[in-house]
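One structure is given here, and the rest of the page talks about it.
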Amino acid sequence: MDEFLTEAWDARDVIVGGLLQTLSISALSILLGTALGTAVGVGLVYGGLPLRLVARAYADVMRGTPVLVLVLAAFYMPSVLGLHLQPFSAGVLALTLFCGAHIGEIVRGALQAIPRGQSEAAKAVGLTFYGVLLHVLLPQALRSLLPPWINTCVEMVKASTLLSVIGVGELLLRTQEIIGRNFLTLQFYLLAGAVYLVVNFAIERAGKALERRVAFR
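Residue numbering for the sequence shown is 17 to 233, as defined by the working numbering.
Put into structure tokens, the structure is as follows:
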């Protein structure tokens with residue numbers, strides 16, 4: 017135990033650096049994926065036929081492809097086109113595409129659950145489509161889409177561990193590097209698991225607080 021505590025203290029900067037990298041990747045993927053998913057969800061419900069077909073194909077392909085395959089594809093495939101993405105950028109791209117597909121389905125379901133009379137009434141008082149969307153539909157959809165959105169955020173943190181295969185220095189890769197020096201495998205994997213648990217628990221608690229706040233508005 018003393019050896020583990022000593023090694024953990026000595027490696028504290030490496031662990032914190034890996035955690036910050038994990039949080040940065042997860043936050044970027046969630047933000048970009050939410051923006052992309054909102055556009056996809058709106059397109060699935062209100063877009064013309066060509067847009068709906070494109071959005072449906074994107075959502076089905078991304079949701080049906082393993083995250084690891086997306087990560088490897090985002091890292092290696094752009095080089096065929098002469099683009100050389102850094103591991104961090106490729107990882108964010110892969111997780112954003114994956115996140116956007118799932119959030120697109122969440123937004124689609126939330127929008128379709130709103131009675132059609134809501135949008136018809138809003139149009140009757142002179143609101144444009146974008147006015148109806150921003151002031152009537154999305155605020156109502158927010159309450160039903162928050163719980164699955166929070167679950168998706170947690171999944172993005174867990175999916176970030178897969179970026180170690182392309183050399184992104186997130187928490188799992190840094191933990192593996194530390195283990196390679198001291199061979200305290202079980203102890204440091206348990207430590208990494210505890211850190212991920214704390215992060216995801218914090219996301220869930222923050223999400224529950226946000227749900228309660230939205231519910232009373």
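A virtual CB, placed ideally from N, CA and C, is assigned to each residue, including glycine. From a predicted model like this one, the values you see are computed outputs, not experimental measurements.
Beta-carbon separation (whole angstroms), residue i vs residue j, contact threshold 8 Å
i, j, result
"leucine 109", "valine 61", "Incorrect: roughly 26 Å between the Cβ atoms, too far for contact."
"threonine 81", "isoleucine 119", "Not quite, the Cβ-Cβ distance comes to about 16 Å (not below 8 Å), so this is no contact."
"glycine 107", "leucine 179", "4 Å"
"alanine 117", "tyrosine 74", "6 Å"
"leucine 162", "leucine 69", "Not a contact, Cβ separation roughly 29 Å."
Distance, residue j Cα to residue i Cα
i, j, result
"valine 87", "glutamate 136", "43 Å"
"arginine 124", "tyrosine 205", "38 Å"
"valine 58", "aspartate 26", "50 Å"
"phenylalanine 217", "glycine 98", "41 Å"
"valine 184", "alanine 51", "24 Å"
"glutamine 102", "leucine 213", "28 Å"
"glycine 196", "arginine 190", "10 Å"
"proline 164", "glutamine 156", "15 Å"
"histidine 100", "tyrosine 92", "8 Å"
Proximal residues to residue i (C-beta, below 7 Å), its chain only, five neighbours per side dropped
i, result
"leucine 35", "Leu187, Val211"
"phenylalanine 20", "Leu200, Gln203"
Close Cβ partners of residue i (< 8 Å) along its chain, the five nearest in sequence each way excluded
i, result
"valine 83", "Ala110, Leu111, Phe114, Ala175, Leu178"
"arginine 72", "Leu60"
"leucine 149", "Val58, Tyr62"
"arginine 132", "none"
Proximity winner among the options, relative to residue i (alpha-carbon distances)
i, options, result
"serine 42", "Ile194, Leu226, Ile219, His100", "Ile219"
"aspartate 29", "Val230, Ile194, Arg221, Glu227", "Ile194"
Residues near residue i in its chain [Cβ-Cβ closer than 6 Å; skip 5 each side]
i, result
"threonine 54", "Val123"
For the stretch 71 to 135, list the beta strand (DSSP E) runs that are entirely contained and at least 3 residues long, ordered along the chain. none
Enumerated in chain order, which unbroken segments of the alpha helix (DSSP H) with a length of 4 residues or greater are wholly contained in the stretch 23 to 70? 28 to 62
As an exercise, report each continuous alpha helix (DSSP H) stretch of at least 4 residues that is fully enclosed by the stretch 149 to 183, in chain order. 154 to 175
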